[in-house]
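J.: So that we are looking at the same thing, I have put the structure below in structure tokens.
Residue numbers (my numbering): 14 to 384.
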């Protein structure tokens, strides 16, 4: 609305009783986002590709991801269907006259795929959409126990510039408690392998407020990812999901008052700031321990545009794959048309009804600014 940073902080702090700390965090994030979005045009768009399979399911997770052998057997058929949707979506982007700015391959755990499957998927994307030099290209490797040098080479060879290697914590005690089937040593090995490949940007995720975590172990986890040299560090706060194994009810799962989670988030912000990281996206979830937030931090020039386009619903994002949602955003950003794919791979393979070009064209025709 044209307010200055000082006016926004005062408004948040005085009228909405937001703490000065969180008001300042919001403004710093918004200012960096303004710079990121300054050259994003109404016909610019993103593409999300979903790989909803994981080697195991973490206890805090409620994502649509699958981890048993019967479902793993669907991966070859799933990839065939997914690649057809990618080809159709690429044709739609072209016919709508839209310009691709960002591709994000997420999940689940995309690195559950074998190297030859990664090759095929990336070749399909590269042949279906215009991957110019300035298109942001991200592959969420995620789980360290799925990362191998062969897979990383396949990802890099396919043109991907950015990846994630996500430990959530580097405490073996906490990893075991939350059902992560890897050790901290495996994370360090995977991270070093990724840095050795030479990606433009590597992200790591941490979660504050995990069961069995402590001030000492959380701070060590943060120091570990800073020392390794990650370009992005995302600090999530544990959110208690209805479909997750970690529940509100249950002794010893987490600090019910959330003091530890809040202090961890506060410490991370201060520590990352002095280490040269700035907040560039910020969002809240329901049932978050300590009522805290999730913040993405970045070194200068390493921001992830897709995260902002998606979180802020700033631009159209086309989606392919089970559990994904296409969002068509009007030029004035006042109307959004959502189209969801079926959540489960079985349903996706059987009942998939993708968004048609006619539906998308009709939406954009109806929301063109008057005059």
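We treat Cβ as the ideally placed atom computed from N, Cα and C, and that holds for glycine.
(1) Quick one: which unbroken beta strand (DSSP E) runs of 3-plus residues sit fully inside the stretch 25-107? Chain order, please.
(2) Which word fits residue 391, buried or exposed, when buried means at least 16 other C-beta atoms lie within 10 angstroms of its C-beta?
(3) Contact between the stretch 82-96 and the stretch 125-144 is defined here as three or more beta-carbon pairs at a separation below 8 Å; is this criterion met?
(4) Quick test of the definition: if touching needs 3 or more C-beta pairs under 8 Å, does the stretch 274-290 touch the stretch 20-31?
(5) Is the separation between the beta-carbon of residue 167 and that of residue 123 shorter than 8 Å?
(6) Report all residues from its chain with a CB closer than 6 Å to the CB of residue 187; omit the five preceding and five following residues, and keep chain order.
(7) What are the start and end residues of the alpha helix (DSSP H) that includes residue 368?
(8) What's the C-alpha gap between residue 240 and residue 217?
(9) Exposed or buried, residue 351, counting other C-beta atoms within 10 Å across all chains shown (16 or more means buried)?
(10) Taking the alpha carbon of residue 373 as the point to measure from, which residue in 109, 45, 59 has its own alpha carbon closest?
(11) Nearest to residue 169 by alpha carbon, out of 132, 182, 142?
(12) Is it the case that the Cβ atoms of residue 332 and residue 61 are separated by a distance below 8 Å?
(13) Let's test the definition: count the other Cβ atoms within 10 Å of the Cβ of residue 349 and tell me whether it reaches 16, buried, or not, exposed.
(14) Could you round the C-beta distance between residue 184 and residue 230 to whole angstroms and report it? I think they count as a contact, below 8 Å.
(15) Could you pull the DSSP bridge partners for residue 214 from this structure?
(16) Mark residue 16 as exposed unless 16 or more other C-beta atoms lie within 10 angstroms of its C-beta, in which case mark it buried.
(17) Kindly indicate which three-state DSSP category residue 314 falls into: helix, strand or coil?
(18) Given this structure, state the Cα-to-Cα distance separating residue 2 from residue 146, to the nearest angstrom.
(19) Any Cβ of chain B within less than 8 Å of the Cβ of residue 16?
(20) From residue 164 to residue 381, what distance separates their C-alpha atoms?
(21) Three-state secondary structure (DSSP) at residue 280?
(22) Using DSSP with H/G/I as helix, E/B as strand and the rest coil, what is residue 200?
(23) Quick check on the DSSP output: the alpha helix (DSSP H) that includes residue 164 runs from which residue to which?
(24) Run the CB neighbour count on residue 5, radius 10 Å, all protein chains shown included, and call it buried at 16 or more, exposed below.
T.: This is what the structure holds:
(1) 57-64
(2) Missing from the structure shown is residue 391; the chain here goes from 14 to 384 and no further.
(3) yes
(4) no
(5) Looking up residue 167 in the chain shown gives position 154. Looking up residue 123 in the chain shown gives position 110. Cβ atoms of residue 167 and residue 123: not closer than 8 Å.
(6) Within the chain shown, numbered from 1, the residue matching residue 187 stands at position 174. Cβ within range, chain order: 223, 225, 226.
(7) Position 355 of the chain shown, counted from the first residue, corresponds to residue 368. It is not in any alpha helix (DSSP H) - residue 368 carries neither H nor E in the DSSP assignment.
(8) Stepping through the chain shown from its first residue, residue 240 is reached at position 227. Stepping through the chain shown from its first residue, residue 217 is reached at position 204. Cα to Cα, residue 240 sits roughly 12 Å from residue 217.
(9) Within the chain shown, residue 351 is the residue found at index 338, counting from 1. Exposed: under 16 other Cβ atoms inside 10 Å.
(10) What you label residue 373 is simply residue 360 of the chain shown in a count that begins at 1. It is 109.
(11) For the purposes of this step, residue 169 is identified with residue 156 of the chain shown, where counting begins at 1. Measuring from the Cα of residue 169, the nearest candidate turns out to be 132.
(12) Taking the first residue of the chain shown as position 1, residue 332 is located at position 319. Taking the first residue of the chain shown as position 1, residue 61 is located at position 48. Taking 8 Å as the Cβ cut-off, residue 332 and residue 61 qualify as a contacting pair.
(13) In the chain shown, counting from the first residue as 1, residue 349 sits at position 336. The residue is exposed, with fewer than 16 neighbouring Cβ atoms inside 10 Å.
(14) Within the chain shown, residue 184 is the residue found at index 171, counting from 1. Within the chain shown, residue 230 is the residue found at index 217, counting from 1. With 8 Å as the limit, residue 184 and residue 230 qualify as a contact, their Cβ atoms being about 4 Å apart.
(15) For the purposes of this step, residue 214 is taken as the residue at position 201 of the chain shown. Answer is 175.
(16) Working through the chain shown from its first residue, we reach residue 16 at position 3. Classification of residue 16: exposed, given that the 10 Å Cβ count is below 16.
(17) The sequence position of residue 314 within the chain shown is 301, counting from 1. Note: residue 314 maps to coil in three-state DSSP.
(18) Not covered by the structure: residue 2. The range shown for the chain is 14 to 384.
(19) Note that chain B does not occur in the displayed structure, where there is just one protein chain.
(20) By one-based count along the chain shown, residue 164 stands at place 151. By one-based count along the chain shown, residue 381 stands at place 368. Each residue's Cα considered, the two are about 44 Å apart.
(21) Numbered from its first residue, the chain shown carries residue 280 at position 267. In the structure shown, residue 280 sits in a helix (DSSP, three-state: H, G or I).
(22) Counting from 1 along the chain shown, the entry for residue 200 is found at position 187. Of the three classes helix, strand and coil, the one that applies to residue 200 here is helix, per DSSP.
(23) As a first step, residue 164 must be located in the chain shown, where it is residue number 151. That run of the alpha helix (DSSP H) goes 162-170.
(24) Absent from the model: residue 5. The displayed extent of the chain is 14 to 384, so no value can be given.
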